[in-house]
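A.B. asks: Before we start, here is the structure in question, set down as structure tokens.
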Amino acid sequence: FLETTSGESDEVATLVFNFLGNGLRRWDIKVTQFLCTNANRPPQGCLQFYTGLQGRITSFNFAPTTGSIHLANQMYSVCLSRREGYCCVEFEVCRDVEDAFSLHMNGLIKISSTDNGCTEDYIQIEGQHVMALSNLLFMDTVVFLFLFTLESSNMCLGNEKVFSNRYCGGTFNALQGLAVNSLVCDCTPPFILDIFTDGGQSSTLNLRNRGLCLDFRRRKCPLS
22 FLETTSGESD EVATLVFNFL GNGLRRWDIK VTQFLCTNAN RPPQGCLQFY
72 TGLQGRITSF NFAPTTGSIH LANQMYSVCL SRREGYCCVE FEVCRDVEDA
122 FSLHMNGLIK ISSTDNGCTE DYIQIEGQHV MALSNLLFMD TVVFLFLFTL
172 ESSNMCLGNE KVFSNRYCGG TFNALQGLAV NSLVCDCTPP FILDIFTDGG
222 QSSTLNLRNR GLCLDFRRRK CPLS
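Everything in the sequence shown is counted per my numbering, starting at 22 for the first residue and increasing by one.
Below you can see the structure in the form of structure tokens.
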């Protein structure tokens, strides 16, 4: 989504294509314009915007098959609308996709990195508290971010407190240096996932830095 001004004159959007170097290129672009009063208009600054109860988020240039790398020099927000009766959004790595989370991953070792370990390529989910709860069914970690107290929600339960807002590496986990993925439940609206990448992408040095593929699901508010 690209924001334009709401002046009286027509706006002009220009697409620039770079054909330098060898390669097979193909585009299929659909353009839709929204009225300023349209309910589906995203908040300002949101290049990707989701309104459904569940869906799939992929970073730019995340191809269906392995071999692609994420774009360099990116800084944008992925936003999810608020829905009545739903207080949280749960994020999970796409289970049917190989290397579904790989940001700033040098080499073939797939482990997680967080916060101070994520300075070049990473995603950021703002939250005040993070709770980690073992999930024996998938041998993963369930992680919850929430601003209100634990007693106010019957879905955010756990016994180990960690603090992480940045995620990178070869697995999606709020704990540093783990080789398993995690579920992350964000209960702090507005629901925004920020993506940052630097300019050092290389198809040889960062062969498996595909970017990210995350499935999301809404979680209903607890009964009062």
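Idealized CB from N, CA, C, for every residue including glycine.
So, L204 versus E113, is the Cβ gap smaller than 9 Å?
C.D. replies: Result yes, Cβ atoms of L204 and E113 sit closer than 9 Å.
A.B. asks: Count the other C-beta atoms from every protein chain shown that fall within 10 angstroms of the C-beta of N194, then say buried if there are 16 or more, exposed otherwise.
C.D. replies: Buried.
A.B. asks: Is it the case that the stretch 100-112 contacts the stretch 63-83, given that we only count it when at least three CB pairs across the two stretches are under 8 Å?
C.D. replies: Counting Cβ pairs under 8 Å, three or more are found: they touch.
A.B. asks: Alpha carbon to alpha carbon, how far is T79 from L235?
C.D. replies: Roughly 6 Å between the two C-alpha positions.
A.B. asks: Using a Cβ-Cβ cutoff of less than 6 Å, which residues in the same chain neighbour Q65 once the five nearest sequence positions on both sides are dropped?
C.D. replies: Only E24 meet the Cβ criterion.
A.B. asks: L244: which of L196, C108, T140 sits nearest, CA to CA?
C.D. replies: That would be C108, whose Cα lies nearest to the Cα of L244.
A.B. asks: In whole angstroms, give me the CA-to-CA distance for K51 and L36.
C.D. replies: If I take the Cα positions, the gap works out to 12 Å.
A.B. asks: Report back the beta-carbon spacing between R231 and S123 to the nearest angstrom; my notes put them in contact at under 8 Å.
C.D. replies: Right, their Cβ atoms sit about 5 Å apart.
A.B. asks: By DSSP, does L158 sit in helix, in strand, or in coil?
C.D. replies: Legend: pLDDT at L158 = 38, less than 50; position of this residue unreliable, no value from coordinates given.
A.B. asks: Counting C-beta neighbours from all protein chains within 10 Å, is the total for F38 16 or more, i.e. buried, or is it exposed?
C.D. replies: Result: exposed.
A.B. asks: Applying the 10 Å Cβ sphere with the 16-neighbour rule, what's the burial state of E111?
C.D. replies: E111 comes out buried.
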